[in-house]
Amino acid sequence: MADQNHELRKAGLKVTLPRVKILQILENATGQHHLSAEDVYKTLLEAGEDVGLATVYRVLTQFESAGLVIRHNFDGGHAVFEISQEEHHDHMVCLDSGEIIEFFDETIERRQQEIAEEHGFELVDHALVLYVRPRGSNTTRQEGQPRK
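Residues in the sequence shown are numbered consecutively from 2, following the numbering used here.
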């Protein structure tokens, strides 16, 4: 808990129990580094914590403003959050399962830099998201249909 307190203070946020608990959940998210506000809320409920969904949304927005988390809007605007990392990475989103896979590819990074330069620009930042399906998958989910 001392680590979370330090991180919150460093980000200029007052240390409160909901902030500490939510930060712990995001930092300890094993296997799934990208959590929605609803995922965080459900985890809090399962742990017996008395924190409302509105508080979760408010805290996540504060974390985003402070640079502690990054918000991603994958798959038609569904927002998920991940702890800010120093190492850049891109994402693949499986359209069938909703799984989010992080990856880094030096060739892609280099090529993006070259393309910006070829057009007379300096690359400042970028976000790459690949929407994928498992090979051989015969399912074609229509927009608005739930995932399986």
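For each residue, glycine too, the CB sits at the ideal point set by N, CA and C.
Distance between residue j and residue i (C-alpha atoms, nearest Å)
{"i": "P135", "j": "D97", "result": "8 Å"}
{"i": "Y42", "j": "S138", "result": "32 Å"}
{"i": "K15", "j": "E115", "result": "43 Å"}
{"i": "L131", "j": "A80", "result": "16 Å"}
{"i": "D4", "j": "K11", "result": "10 Å"}
{"i": "Q63", "j": "L27", "result": "14 Å"}
{"i": "H7", "j": "G49", "result": "24 Å"}
Beta-carbon proximity of residue i to residue j, cut-off 8 Å
{"i": "E83", "j": "H127", "result": "no"}
{"i": "V70", "j": "K22", "result": "no"}
{"i": "H92", "j": "I102", "result": "yes"}
{"i": "V57", "j": "F75", "result": "no"}
Counterpart residues of residue i in DSSP-defined beta bridges
{"i": "I101", "result": "V94"}
{"i": "A80", "result": "N74"}
Chain-order list of residues whose beta-carbon lies under 8 Å from that of residue i (same chain, five-residue window excluded)
{"i": "V72", "result": "The sequence shown places Arg at residue 72, not Val. Contacts found: L61, E65, A80, V81, F82."}
{"i": "S85", "result": "G68, L69, V70, I71"}
Own chain residues within Cβ distance below 7 Å of residue i, not counting five before or after
{"i": "E107", "result": "none"}
Integer Cβ distance of residue i from residue j, believed to fall under 8 Å
{"i": "L54", "j": "A38", "result": "7 Å"}
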